[in-house]
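Below: one structure, written as C-alpha coordinates.
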Amino acid sequence: MVSSRNFRQAVRARLAEHFELLLTTAGVIIALLLTFSQLDRGTQGLAFTFLVWLQGFLIWAVRRHSRLNRDRLVWKLRVMLQDRVNNQLTVLLGVAELSHPESAAAEENVDTAMAAAREVARELDSLSLESLRAWELRYARFLPMPLR
(Lines of atoms letter the chains of each structure in order from A and count residues from 1; the text may use other names and numbers.)
(Lines give C-alpha, C1' and ligand atoms only; values in the text may rest on other atoms or scores of the structure.)
Protein backbone atom coordinates (compact mmCIF):
# COMPACT_ATOMS: atom_id res chain seq x y z
CA MET A 1 0.00 0.00 0.00
CA VAL A 2 1.25 3.48 -0.85
CA SER A 3 1.68 5.79 2.10
CA SER A 4 0.21 9.28 2.01
CA ARG A 5 3.72 10.78 2.20
CA ASN A 6 4.85 8.84 -0.87
CA PHE A 7 1.64 9.78 -2.66
CA ARG A 8 2.19 13.49 -1.89
CA GLN A 9 5.79 13.25 -3.11
CA ALA A 10 4.63 11.57 -6.33
CA VAL A 11 1.98 14.27 -6.91
CA ARG A 12 4.53 17.03 -6.27
CA ALA A 13 6.96 15.42 -8.69
CA ARG A 14 4.26 15.18 -11.38
CA LEU A 15 3.20 18.80 -10.86
CA ALA A 16 6.80 20.00 -11.04
CA GLU A 17 7.34 17.94 -14.19
CA HIS A 18 4.33 19.53 -15.93
CA PHE A 19 4.45 23.01 -14.34
CA GLU A 20 5.01 24.86 -17.62
CA LEU A 21 2.15 23.00 -19.23
CA LEU A 22 -0.20 23.91 -16.35
CA LEU A 23 0.80 27.59 -16.56
CA THR A 24 0.23 27.68 -20.30
CA THR A 25 -3.21 26.07 -19.97
CA ALA A 26 -4.24 28.45 -17.18
CA GLY A 27 -3.14 31.46 -19.23
CA VAL A 28 -5.15 30.34 -22.23
CA ILE A 29 -8.26 29.73 -20.12
CA ILE A 30 -8.04 33.24 -18.63
CA ALA A 31 -7.55 34.74 -22.09
CA LEU A 32 -10.53 32.77 -23.36
CA LEU A 33 -12.82 33.98 -20.56
CA LEU A 34 -11.80 37.62 -21.05
CA THR A 35 -12.28 37.38 -24.80
CA PHE A 36 -15.68 35.73 -24.61
CA SER A 37 -17.06 38.28 -22.20
CA GLN A 38 -16.55 41.15 -24.67
CA LEU A 39 -17.55 39.59 -28.03
CA ASP A 40 -20.87 39.04 -29.75
CA ARG A 41 -22.08 35.48 -30.32
CA GLY A 42 -20.83 35.07 -33.91
CA THR A 43 -17.36 36.34 -33.13
CA GLN A 44 -17.15 34.17 -30.03
CA GLY A 45 -17.11 31.02 -32.20
CA LEU A 46 -14.26 32.35 -34.30
CA ALA A 47 -12.34 33.44 -31.20
CA PHE A 48 -12.94 30.08 -29.58
CA THR A 49 -11.56 28.24 -32.62
CA PHE A 50 -8.48 30.46 -32.71
CA LEU A 51 -7.84 30.09 -28.97
CA VAL A 52 -8.14 26.32 -29.10
CA TRP A 53 -5.62 26.29 -31.95
CA LEU A 54 -3.37 28.69 -30.02
CA GLN A 55 -3.55 26.52 -26.91
CA GLY A 56 -2.57 23.45 -28.90
CA PHE A 57 0.33 25.32 -30.45
CA LEU A 58 1.53 26.62 -27.08
CA ILE A 59 1.31 23.18 -25.51
CA TRP A 60 3.28 21.72 -28.41
CA ALA A 61 5.90 24.50 -28.18
CA VAL A 62 6.35 24.11 -24.42
CA ARG A 63 6.62 20.31 -24.66
CA ARG A 64 9.10 20.56 -27.54
CA HIS A 65 11.18 23.09 -25.62
CA SER A 66 11.19 20.82 -22.57
CA ARG A 67 12.18 17.83 -24.69
CA LEU A 68 15.06 19.73 -26.30
CA ASN A 69 16.26 20.89 -22.87
CA ARG A 70 16.18 17.32 -21.54
CA ASP A 71 18.05 16.04 -24.60
CA ARG A 72 20.68 18.78 -24.18
CA LEU A 73 21.04 17.90 -20.49
CA VAL A 74 21.55 14.20 -21.27
CA TRP A 75 24.14 15.14 -23.90
CA LYS A 76 26.02 17.36 -21.41
CA LEU A 77 25.93 14.63 -18.78
CA ARG A 78 27.24 12.10 -21.29
CA VAL A 79 30.15 14.37 -22.26
CA MET A 80 30.94 15.07 -18.60
CA LEU A 81 30.87 11.37 -17.70
CA GLN A 82 33.04 10.48 -20.68
CA ASP A 83 35.59 13.08 -19.64
CA ARG A 84 35.68 11.95 -16.02
CA VAL A 85 35.84 8.26 -16.85
CA ASN A 86 38.55 8.83 -19.46
CA ASN A 87 40.59 10.82 -16.95
CA GLN A 88 40.32 8.07 -14.34
CA LEU A 89 41.14 5.35 -16.86
CA THR A 90 44.18 7.30 -18.03
CA VAL A 91 45.43 7.44 -14.44
CA LEU A 92 44.83 3.70 -14.00
CA LEU A 93 46.67 2.90 -17.22
CA GLY A 94 49.57 5.09 -16.16
CA VAL A 95 49.80 3.34 -12.80
CA ALA A 96 49.67 -0.10 -14.46
CA GLU A 97 52.46 0.83 -16.88
CA LEU A 98 54.63 2.36 -14.17
CA SER A 99 54.29 -0.57 -11.78
CA HIS A 100 55.68 -3.17 -14.22
CA PRO A 101 56.77 -1.43 -17.42
CA GLU A 102 58.31 -4.47 -19.16
CA SER A 103 56.37 -7.45 -17.80
CA ALA A 104 53.79 -9.52 -19.68
CA ALA A 105 51.36 -9.10 -16.76
CA ALA A 106 51.52 -5.32 -17.14
CA GLU A 107 50.80 -5.63 -20.84
CA GLU A 108 47.85 -7.91 -20.09
CA ASN A 109 46.59 -5.44 -17.46
CA VAL A 110 46.83 -2.61 -19.98
CA ASP A 111 44.90 -4.67 -22.56
CA THR A 112 42.22 -5.50 -19.98
CA ALA A 113 41.98 -1.83 -18.97
CA MET A 114 41.71 -0.76 -22.61
CA ALA A 115 38.91 -3.28 -23.23
CA ALA A 116 37.10 -1.99 -20.14
CA ALA A 117 37.59 1.60 -21.34
CA ARG A 118 36.09 0.74 -24.73
CA GLU A 119 33.11 -0.92 -23.04
CA VAL A 120 32.56 2.12 -20.82
CA ALA A 121 32.78 4.38 -23.88
CA ARG A 122 30.13 2.26 -25.67
CA GLU A 123 27.85 2.46 -22.63
CA LEU A 124 28.27 6.23 -22.41
CA ASP A 125 27.56 6.64 -26.13
CA SER A 126 24.29 4.74 -25.73
CA LEU A 127 22.96 7.04 -22.96
CA SER A 128 19.65 8.64 -23.86
CA LEU A 129 16.33 9.47 -22.27
CA GLU A 130 14.98 6.13 -23.48
CA SER A 131 17.88 4.19 -21.95
CA LEU A 132 17.42 6.16 -18.72
CA ARG A 133 13.73 5.27 -18.61
CA ALA A 134 14.51 1.60 -19.29
CA TRP A 135 17.08 1.62 -16.48
CA GLU A 136 14.58 3.27 -14.12
CA LEU A 137 11.94 0.65 -14.91
CA ARG A 138 14.42 -2.17 -14.45
CA TYR A 139 15.69 -0.93 -11.08
CA ALA A 140 12.61 0.98 -9.82
CA ARG A 141 12.26 -1.03 -6.63
CA PHE A 142 15.86 -0.25 -5.63
CA LEU A 143 15.74 3.49 -6.35
CA PRO A 144 14.95 6.13 -3.72
CA MET A 145 11.65 7.97 -4.18
CA PRO A 146 12.97 11.27 -5.67
CA LEU A 147 14.50 9.41 -8.63
CA ARG A 148 11.23 7.73 -9.57
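In terms of the numbering used here, the sequence shown has 533 at position 19, counting the first letter as 1, and numbering is strictly consecutive.
Even for Gly, the Cβ is constructed at its ideal location relative to N, Cα and C.
The structure presented is a predicted model; accordingly, all values stated were derived computationally and were not measured.
The Cβ atoms of T538 and Q569 sit closer than 9 Å to each other. As the crow flies, the alpha-carbon of A630 is around 25 Å from that of R647. For Q552, the secondary structure class from DSSP, reduced to helix, strand or coil, is coil.
Segment contact: the stretch 573–591 against the stretch 546–563, fewer than three CB-CB distances shorter than 8 Å; contact not assigned. Within the model, the alpha-carbon separation for Y653 versus I544 is close to 42 Å. Using a Cβ distance threshold of 9 Å, N600 and A561 do not count as a contacting pair. If you draw a straight line from the Cα of V593 to the Cα of E637, it is about 12 Å long. Here the alpha carbons of F533 and L565 stand approximately 20 Å from one another. The distance from the Cβ of D585 to that of L643 is about 7 Å, consistent with a contact at the 8 Å cut-off. DSSP places H579 within a helical segment (H, G or I) once states are collapsed to three. Going by DSSP, L657 is part of no alpha helix (DSSP H) at all; its letter is neither H nor E.
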